[in-house]
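Okay, so the sequence shown: first residue is 164 according to our numbering, each after it adds one.
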Amino acid sequence: MSFPYHDRFWTETADFVAERLAPGESVLAPDIFWWRFERIARYRNTELRPNERYDWAVLHKGELGQIAPGVLAAMHADLRPVFANEVFVVWTRQPAPARVPAADPHLAAYFAMLERLPAARPGAERERPAFSDVLPDPGAIVQFGTLSPRALREAMDAFFRHGGYRYVTPRDKAFFDETDRCVRALMPLGTEARILDLACGGGRVGALVPEGGCRALTGIDVSADALAIARARWAGRREFRFAAMDASRLAFADGSFDVVTLVEASEHVHEIERVLDEAARVLRPGGTFIATAANRDSLNQIVARKLGFPPFKTSYQHVREFTVDEFATLLR
Numbered sequence: 164m165s166f167p168y169h170d171r172f173w174t175e176t177a178d179f180v181a182e183r184l185a186p187g188e189s190v191l192a193p194d195i196f197w198w199r200f201e202r203i204a205r206y207r208n209t210e211l212r213p214n215e216r217y218d219w220a221v222l223h224k225g226e227l228g229q230i231a232p233g234v235l236a237a238m239h240a241d242l243r244p245v246f247a248n249e250v251f252v253v254w255t256r257q258p259a260p261a262r263v264p265a266a267d268p269h270l271a272a273y274f275a276m277l278e279r280l281p282a283a284r285p286g287a288e289r290e291r292p293a294f295s296d297v298l299p300d301p302g303a304i305v306q307f308g309t310l311s312p313r314a315l316r317e318a319m320d321a322f323f324r325h326g327g328y329r330y331v332t333p334r335d336k337a338f339f340d341e342t343d344r345c346v347r348a349l350m351p352l353g354t355e356a357r358i359l360d361l362a363c364g365g366g367r368v369g370a371l372v373p374e375g376g377c378r379a380l381t382g383i384d385v386s387a388d389a390l391a392i393a394r395a396r397w398a399g400r401r402e403f404r405f406a407a408m409d410a411s412r413l414a415f416a417d418g419s420f421d422v423v424t425l426v427e428a429s430e431h432v433h434e435i436e437r438v439l440d441e442a443a444r445v446l447r448p449g450g451t452f453i454a455t456a457a458n459r460d461s462l463n464q465i466v467a468r469k470l471g472f473p474p475f476k477t478s479y480q481h482v483r484e485f486t487v488d489e490f491a492t493l494l495r
């Protein structure tokens, strides 16, 4: 699901903040606003870090119950309402723009919704939600393309530590199954095959290689937590080994492998050109290279552009996405 550009109330709210947001300022907003800002604090962050303060707060009138009451009260004291429409009220500590008048009907509706929230019982401790999602920081969403290589590695460690790809939607499962089917069909297997799986994550490609399907499969990744998952998953396969290594700086001799794979990973690396150069270097002449890439010309993106909406990435974790022609050019 992308940002609802077709909805005027959401779009005008995001535009209002984006036009005034200064570098380094923090934004509390609904999750979907990650499509518009490099980093947002999620409403649940108010439970995780009740003392944290924000420069901007984008408050959905229908979701006020997701915000810790004490944080709401603090925002009302610290911030000023500077924008209001049928869905949102935007608060900021900036001296400009002008404050929304107290008589504004949208602001009045906001406070009416606030009055309808269940009152906390005196002395009762607010029930804290169970944070089971796999974001590196459950309280924030950060676009991975803005991170340094070190910060990206730490984010991926946290992602896998919190469950990684263990929990997938039906759409994701169908997509992964189809991708695996295609990769399996292209992969030449045999008792002498030497396979290198770049950015292996939790060892997904191992499931495509049956017993006796290779002499050795080597998976490399920058995430220690991902490698721990892969090693545990394939502990019974002696021909599988996993090592911490940057795919753009491989510690293997030229022509070391018969097959090199880069599955669901091209979009997650900073230096894709260098990764592809390294893949070509370690692949033997006549070997097989199999790669996938997030398609910037997928149907939903084409339709969105034709409707006049701006380009978008399909995941906050993607550093870069490609058209078929762009990726084909990289492979030449």
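All C-beta atoms, glycine included, are put in the ideal place defined by N, C-alpha and C.
For clarity, every value in this text was computed on a predicted model and none was experimentally measured.
Coarse secondary structure for L280, derived from DSSP in three states: Here residue 280 is taken as the residue at index 117 of the sequence shown, counted from 1. In the structure shown, L280 sits in coil (DSSP, three-state: anything other than H, G, I, E or B).
Report the residue from D417, G375, Q306 and C363 whose alpha carbon sits nearest the alpha carbon of L352. In the sequence shown, residue 352 corresponds to position 189, counting from 1. Comparing alpha carbon positions, the residue from D417, G375, Q306 and C363 closest to L352 is G375.
Does the Cβ of H169 have 16 or more other Cβ atoms within 10 Å, making it buried, or fewer, making it exposed? Numbered from 1 along the sequence shown, position 6 holds the residue referred to as residue 169. With fewer than 16 other Cβ atoms within 10 Å, it is exposed.
Cutting at 7 Å between CB atoms, please list the residues of its own chain near A387, excluding the five before and the five after it. Residue 387 sits at position 224 when you count from the first residue of the sequence shown. Apart from sequence neighbours up to five positions away, the residues of its chain that approach A387 with a beta-carbon distance below 7 Å are D320 and A407, ordered along the chain.
Member of R459, W254 and M238 whose CA lies at the smallest distance from the CA of P244: Residue mapping note: residue 244 aligns to position 81 of the sequence shown, counting from 1. Per the Cα distances, W254.
Pairwise C-alpha distance: R483 and L494: If you number the sequence shown from 1, residue 494 lands on position 331. If you number the sequence shown from 1, residue 483 lands on position 320. For L494 and R483, the distance between alpha carbons rounds to 16 Å.
On the three-pair Cβ rule with 8 Å, is the stretch 449–460 touching the stretch 262–276? These segments do not touch.
By DSSP, does G418 sit in helix, in strand, or in coil? Counting from 1 along the sequence shown, the entry for residue 418 is found at position 255. Reduced to three states, the DSSP call for G418 is coil.
Could you compute how far the alpha carbon of E288 sits from the alpha carbon of K336? Position 125 of the sequence shown, counted from the start, is the residue given in the question as residue 288. Position 173 of the sequence shown, counted from the start, is the residue given in the question as residue 336. Because the pLDDT of E288 is 47, which lies under 50, any placement of that residue in the model is unreliable, and the question is left without a value.
Which of helix, strand or coil does DSSP assign to I453? Residue mapping note: residue 453 aligns to position 290 of the sequence shown, counting from 1. Strand at I453.
For W254, report the span of its beta strand (DSSP E) as first-last. As a working note, residue 254 is residue 91 in the sequence shown. In the DSSP assignment, W254 falls within the beta strand (DSSP E) that extends over F251 to T255.
If you drop the 5 nearest sequence neighbours on each side, which residues of the same chain put their C-beta closer than 7 Å to that of D194? Taking the sequence shown and counting its residues from 1, one reaches residue 194 at position 31. By the criterion of a C-beta distance shorter than 7 Å, D194 is surrounded in its chain by R205 and I304, once the five residues flanking it on both sides are discounted.
Tell me the rounded alpha-carbon separation between E436 and L191. Position 273 of the sequence shown holds residue 436. Position 28 of the sequence shown holds residue 191. So the alpha carbons of these two residues sit roughly 36 Å apart.
Cβ shell of A442 (< 7 Å), same chain only, five flanking positions each side left out: One-based indexing of the sequence shown puts residue 442 at position 279. Exclusion of the five residues before and after A442 leaves L361, V423, L425 and F452 as the residues of its chain whose Cβ lies within less than 7 Å of its Cβ.
Per DSSP, cross-strand counterpart(s) of F403: Within the sequence shown, residue 403 is the residue found at index 240, counting from 1. For F403, which the question treats as bridged, DSSP gives the partners L380.
Give me the Cα-Cα distance between G369 and D417, rounded to the nearest whole angstrom. As a first step, residue 369 is located in the sequence shown; it is residue number 206 there, counting from the start. As a first step, residue 417 is located in the sequence shown; it is residue number 254 there, counting from the start. One C-alpha to the other measures close to 23 Å.
Going by DSSP in three states, F307 sits in which element: helix, strand or coil? The residue you call residue 307 lines up with position 144 of the sequence shown. In the structure shown, F307 sits in a helix (DSSP, three-state: H, G or I).
Threshold first: 4 residues or longer. Then list the alpha helix (DSSP H) segments lying entirely within the stretch 191–258, N to C. Qualifying alpha helix (DSSP H) stretches, in chain order: 208–211 and 232–241.
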